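Colleague: Protein sequences, first through last, are from chains G and Z.
Numbering (the numbering used here) for the first sequence: 1 to 231.
Numbering (the numbering used here) for the second sequence: 232 to 462.
The beta carbon of each residue, even a glycine, is placed where N, CA and C say it ideally should be.
Every value quoted in this text rests on a predicted model; they were computed, and no experiment measured them.
Number of protein chains: 2
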Amino acid sequence: MARIMYDLCGEDTALRFSPFCWRAALAMRHKGLTLETRPWHFTDTQDIAFSGQGKVPVIVDEDDEVVTDSFDIMTWLDQKYPGPALFGDDMARSRARFIKHWSETTLAPALMKIAIVDVFSIIDPKDQSYFRESREARFGMTLEEFQDTEQGLEMLEKALPPLRAQLEGSSFIDGDHPAGADYLVFGMFMLAYVVHDGALLKSDDPVAQWHERMLDLFGGLARNAPRAASR
Amino acid sequence: MARIMYDLCGEDTALRFSPFCWRAALAMRHKGLTLETRPWHFTDTQDIAFSGQGKVPVIVDEDDEVVTDSFDIMTWLDQKYPGPALFGDDMARSRARFIKHWSETTLAPALMKIAIVDVFSIIDPKDQSYFRESREARFGMTLEEFQDTEQGLEMLEKALPPLRAQLEGSSFIDGDHPAGADYLVFGMFMLAYVVHDGALLKSDDPVAQWHERMLDLFGGLARNAPRAASR
Numbered sequence: 001m002a003r004i005m006y007d008l009c010g011e012d013t014a015l016r017f018s019p020f021c022w023r024a025a026l027a028m029r030h031k032g033l034t035l036e037t038r039p040w041h042f043t044d045t046q047d048i049a050f051s052g053q054g055k056v057p058v059i060v061d062e063d064d065e066v067v068t069d070s071f072d073i074m075t076w077l078d079q080k081y082p083g084p085a086l087f088g089d090d091m092a093r094s095r096a097r098f099i100k101h102w103s104e105t106t107l108a109p110a111l112m113k114i115a116i117v118d119v120f121s122i123i124d125p126k127d128q129s130y131f132r133e134s135r136e137a138r139f140g141m142t143l144e145e146f147q148d149t150e151q152g153l154e155m156l157e158k159a160l161p162p163l164r165a166q167l168e169g170s171s172f173i174d175g176d177h178p179a180g181a182d183y184l185v186f187g188m189f190m191l192a193y194v195v196h197d198g199a200l201l202k203s204d205d206p207v208a209q210w211h212e213r214m215l216d217l218f219g220g221l222a223r224n225a226p227r228a229a230s231r
Numbered sequence: 232m233a234r235i236m237y238d239l240c241g242e243d244t245a246l247r248f249s250p251f252c253w254r255a256a257l258a259m260r261h262k263g264l265t266l267e268t269r270p271w272h273f274t275d276t277q278d279i280a281f282s283g284q285g286k287v288p289v290i291v292d293e294d295d296e297v298v299t300d301s302f303d304i305m306t307w308l309d310q311k312y313p314g315p316a317l318f319g320d321d322m323a324r325s326r327a328r329f330i331k332h333w334s335e336t337t338l339a340p341a342l343m344k345i346a347i348v349d350v351f352s353i354i355d356p357k358d359q360s361y362f363r364e365s366r367e368a369r370f371g372m373t374l375e376e377f378q379d380t381e382q383g384l385e386m387l388e389k390a391l392p393p394l395r396a397q398l399e400g401s402s403f404i405d406g407d408h409p410a411g412a413d414y415l416v417f418g419m420f421m422l423a424y425v426v427h428d429g430a431l432l433k434s435d436d437p438v439a440q441w442h443e444r445m446l447d448l449f450g451g452l453a454r455n456a457p458r459a460a461s462r
């Protein structure tokens, strides 16, 4: 059997905008593994019920092993497959986990501010009421009240200094070559890349230059991702 | 010869408040190395001119090797001395560098807001004009205008989510045991511990609980540090 990843998609199933699925997809390629993606919508929970939970990414490996959660998938990849490490030893993995938390507590809220309505506008109509209700309950306001691109860009600017300082000193977060921490952080940016029409970073920003390098990996896997604005 | 570290001090030379010196001192103990500290004031630049620069920590090893900069000192310790790794391999070290940048771009500004006048009040009178002039030029305002404990505590609260999330999942930043990244971050908190009279964290905060564990390391090395408030 092929190795399969259930991958969040829009109404246009070519639009793949989940940061967590991007992390897993890039991590797979880092190990030199091929992957068939299966488009999945927020409300297709029955289709992944076999995984014992309701979120993607869900990986079904060639031997039918099922793995979920992007961080757990990367840990599992290091344990099961040879090739360059994603996380490395326990100490290195623990630091990657800090960087994961950093990306989820600082970048993700900024990107949500910038692009939540963009996400809403591209998801399948059958997902819209679930998406609106769950997010509006979380934010305590409507999606339209919540989205504020200018404020989101300010939040992003306040979040970026550690990443910028890091990338002033090395080509990738993980050093001379990209690895687990790069995919953890870059996955976040892929949400905006796919759904949002507008630059987040100035081209002379070391973060923007790293973003370009990440887009180019694996034959331009991320760069060639279909984008809402061009469809 | 003994191993020596030039260590920033107050007018009361027992007060050691440099985050960078704390990083190096704890890293030394992590390697099981002993250390003699030599109290140093901001304006004692002649005393460390032999190091080719003007900041502490400066280490003079038993074989007279001279090393500066807390991150470089930790890298050097891993290269020169056996014992538990501080940083580990290149990838792990690169992630530690991200965490260093995180601590310096988010925690340090918050701690400065909270404690800059406290620092000024304990340094040697001979350092005061250097300290005031250099910091006021950087801030574009007087130290007294800059210090705003309430605002600093808000900045700290905004900075802490990734650290808090990390410490909800493990006892230390680096996993089950403290290592390089823990010292990089904890050093920052030692500035406030030594100079500032007032709690920064609620006792049920995982960050506070980690702070307690860090204070206890190496026979309570940090906990037993003389504090301005109790002198």
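Quickly, what does DSSP pair G/F172 with across the bridge? List them, please.
Modeller: The sequence position of residue 172 of chain G within the first sequence is 172, counting from 1. Answer is G/G175, bridged to G/F172.
Colleague: Among Z/T276, Z/L264 and Z/P313, which one has its Cα closest to the Cα of Z/D292?
Modeller: As a working mapping, residue 292 of chain Z is identified with position 61 in the second sequence. With respect to the C-alpha of Z/D292, the residue from Z/T276, Z/L264 and Z/P313 having the closest C-alpha is Z/L264.
Colleague: Can you tell me whether DSSP reads G/T68 as helix, strand or coil?
Modeller: Reading the first sequence from its first residue, position 68 is the one you call residue 68 of chain G. It is a strand residue.
Colleague: Hey, quick one: how far does the beta strand (DSSP E) through Z/T268 stretch, first residue to last?
Modeller: By one-based count along the second sequence, residue 268 of chain Z stands at place 37. Start and end: E267 to W271.
Colleague: Does G/F98 get closer than 8 angstroms to chain Z when you measure Cβ to Cβ?
Modeller: For the purposes of this step, residue 98 of chain G is identified with residue 98 of the first sequence, where counting begins at 1. At a cut-off of 8 angstroms between beta carbons, G/F98 contacts chain Z.
Colleague: Can you tell me which of the three DSSP states Z/I354 falls into?
Modeller: Sequence index remark: in the second sequence, residue 354 of chain Z carries index 123 (1-based). The answer is coil: DSSP assigns Z/I354 none of H, G, I, E or B.
Colleague: Counting only beta-carbon separations shorter than 8 angstroms, does G/H211 have a partner in chain Z?
Modeller: Stepping through the first sequence from its first residue, residue 211 of chain G is reached at position 211. With a threshold of 8 angstroms between beta carbons, G/H211 makes no contact with chain Z.
Colleague: Indicate whether G/D127 and G/F42 have their beta-carbon atoms separated by less than 8 angstroms.
Modeller: For the purposes of this step, residue 127 of chain G is identified with residue 127 of the first sequence, where counting begins at 1. For the purposes of this step, residue 42 of chain G is identified with residue 42 of the first sequence, where counting begins at 1. In contact: G/D127 and G/F42 (Cβ atoms closer than 8 angstroms).
Colleague: Starting from the beta carbon of Z/W333, find every residue of chain G whose beta carbon is closer than 7 angstroms, and list them in chain order.
Modeller: As a first step, residue 333 of chain Z must be located in the second sequence, where it is residue number 102. Here the neighbours are W102 and P162.
Colleague: Residues of chain Z with CB closer than 8 angstroms to the CB of G/D89, please, in chain order.
Modeller: The sequence position of residue 89 of chain G within the first sequence is 89, counting from 1. The contacting residues are G319, D320 and A323.
Colleague: Run through chain G and tell me which residues come within less than 7 angstroms of Z/Q397, C-beta to C-beta.
Modeller: Position 166 of the second sequence, counted from the first residue, corresponds to residue 397 of chain Z. Here the neighbours are R97, F98 and H101.
Colleague: Could you list which residues in chain Z have their beta carbon closer than 8 angstroms to that of G/D174, in chain order?
Modeller: Reading the first sequence from its first residue, position 174 is the one you call residue 174 of chain G. In chain order: M322, S325 and R326.
Colleague: Can G/Y6 and G/P57 be called in contact, C-beta distance under 8 angstroms?
Modeller: Walking along the first sequence from the start, residue 6 of chain G turns up at place 6. Walking along the first sequence from the start, residue 57 of chain G turns up at place 57. It is a contact, given that the beta carbons lie within the stated cut-off.
Colleague: Give me the Cα-Cα distance between G/T149 and G/L200, rounded to the nearest whole angstrom.
Modeller: Position 149 of the first sequence, counting from 1, holds the residue named residue 149 of chain G. Position 200 of the first sequence, counting from 1, holds the residue named residue 200 of chain G. Rounded to the nearest angstrom, the two C-alpha atoms are 10 angstroms apart.
Colleague: Below 8 angstroms on the Cβ atoms is my guess for G/W22 versus G/G187; work out the distance and round it to an integer in Å.
Modeller: Along the first sequence, read from residue 1 onward, the residue named residue 22 of chain G stands at position 22. Along the first sequence, read from residue 1 onward, the residue named residue 187 of chain G stands at position 187. Between G/G187 and G/W22 the Cβ distance is about 4 angstroms, and since that is below 8 angstroms, they are a contact.
Colleague: Across which residues does DSSP place Z/V426 in a beta bridge pair?
Modeller: Along the second sequence, one-based indexing puts residue 426 of chain Z at 195. In the DSSP output, where bridge partners are listed per residue, Z/V426 has none listed.
Colleague: Determine the DSSP secondary structure at G/V56, reduced to helix, strand or coil.
Modeller: Residue mapping note: residue 56 of chain G aligns to position 56 of the first sequence, counting from 1. Looking at G/V56 - three-state DSSP - the assignment turns out to be coil, as it is neither helix nor strand.
Colleague: With DSSP as the reference, label G/Y6 as helix, strand or coil.
Modeller: Looking up residue 6 of chain G in the first sequence gives position 6. Here G/Y6 sits in strand by DSSP.
Colleague: Between which two residues does the alpha helix (DSSP H) containing Z/F377 stretch?
Modeller: Against the second sequence, residue 377 of chain Z aligns to sequence position 146. It spans L374 to F377 - the alpha helix (DSSP H) in which Z/F377 sits, taken as one unbroken run.
Colleague: Measuring only between beta-carbons, confirm whether Z/T336 sits less than 8 angstroms from chain G.
Modeller: Taking the second sequence and counting its residues from 1, the one referred to as residue 336 of chain Z is at position 105. Any Cβ of chain G closer than 8 angstroms to the Cβ of Z/T336 would place that residue at the interface, and such an atom is present.
Colleague: What three-state label does DSSP hand G/Y81 in the structure shown?
Modeller: Counting from 1 along the first sequence, the entry for residue 81 of chain G is found at position 81. It is coil, neither helix nor strand.
Colleague: How many Å lie between Z/F403 and Z/E375 at the Cα?
Modeller: Along the second sequence, one-based indexing puts residue 403 of chain Z at 172. Along the second sequence, one-based indexing puts residue 375 of chain Z at 144. Cα-Cα distance, rounded: 35 angstroms.
Colleague: Closest by CA to Z/R234, which one among Z/F248, Z/P250, Z/R260 and Z/A245?
Modeller: Here residue 234 of chain Z refers to the residue found at position 3 when the second sequence is read from its first residue. Selected option, being the one with the closest Cα: Z/R260.
Colleague: Decide if G/S203 is buried, meaning its Cβ has at least 16 other Cβ atoms within 10 Å, or exposed.
Modeller: Taking the first sequence and counting its residues from 1, the one referred to as residue 203 of chain G is at position 203. Exposed, by the Cβ-count rule.
Colleague: DSSP on Z/R454, reduced to helix/strand/coil?
Modeller: Position 223 of the second sequence, counted from the first residue, corresponds to residue 454 of chain Z. Note: Z/R454 maps to coil in three-state DSSP.
Colleague: Among G/L77, G/M155, G/D216 and G/I122, whose alpha-carbon lies nearest the alpha-carbon of G/T106?
Modeller: Here residue 106 of chain G refers to the residue found at position 106 when the first sequence is read from its first residue. Of G/L77, G/M155, G/D216 and G/I122, the residue nearest in Cα terms is G/M155.
Colleague: Using a Cβ distance threshold of 8 angstroms, determine whether the segment 360 to 372 of chain Z contacts the segment 276 to 286 of chain Z, with at least three qualifying pairs required.
Modeller: Cβ pair count under 8 angstroms is below three, so no.
Colleague: Taking Cβ positions only, does Z/G263 come closer than 8 angstroms to chain G?
Modeller: The residue you call residue 263 of chain Z lines up with position 32 of the second sequence. No, Z/G263 lies away from the interface with chain G (no Cβ there is under 8 angstroms from its Cβ).
Colleague: Output, in sequence order along the chain, the residues in the segment 411 to 424 of chain Z whose CB is closer than 7 angstroms to any CB in chain G.
Modeller: A412
Colleague: Under 8 angstroms, with one C-beta from each stretch per pair, do the segment 241 to 257 of chain Z and the segment 210 to 230 of chain G reach the 3-pair mark?
Modeller: Put simply, the segment 241 to 257 of chain Z does not touch the segment 210 to 230 of chain G. Fewer than three CB pairs are less than 8 angstroms apart.
Colleague: Report the three-state DSSP secondary structure of Z/M386 (helix, strand or coil).
Modeller: Locating residue 386 of chain Z in the second sequence gives position 155, counting from the first residue. In this structure, Z/M386 counts as helix in the three-state DSSP scheme.
Colleague: Output the boundary residues of the alpha helix (DSSP H) element that contains G/S94.
Modeller: Taking the first sequence and counting its residues from 1, one reaches residue 94 of chain G at position 94. Counting along the chain, the alpha helix (DSSP H) containing G/S94 begins and ends at D90 to W102.
Colleague: How many Å lie between Z/H332 and G/Q166 at the Cα?
Modeller: The residue you call residue 332 of chain Z lines up with position 101 of the second sequence. The residue you call residue 166 of chain G lines up with position 166 of the first sequence. Z/H332 and G/Q166: Cα-Cα distance of roughly 7 angstroms.
Colleague: Along the segment 298 to 320 of chain Z, what residues have a CB closer than 8 angstroms to any CB found in chain G?
Modeller: A316, G319 and D320
Colleague: Against Z/G481, what residues of chain G qualify as contacts under a CB-to-CB distance less than 8 angstroms, listed in chain order?
Modeller: Nothing can be reported for residue 481 of chain Z: it is not among the residues displayed for chain Z, which extend from 232 to 462.
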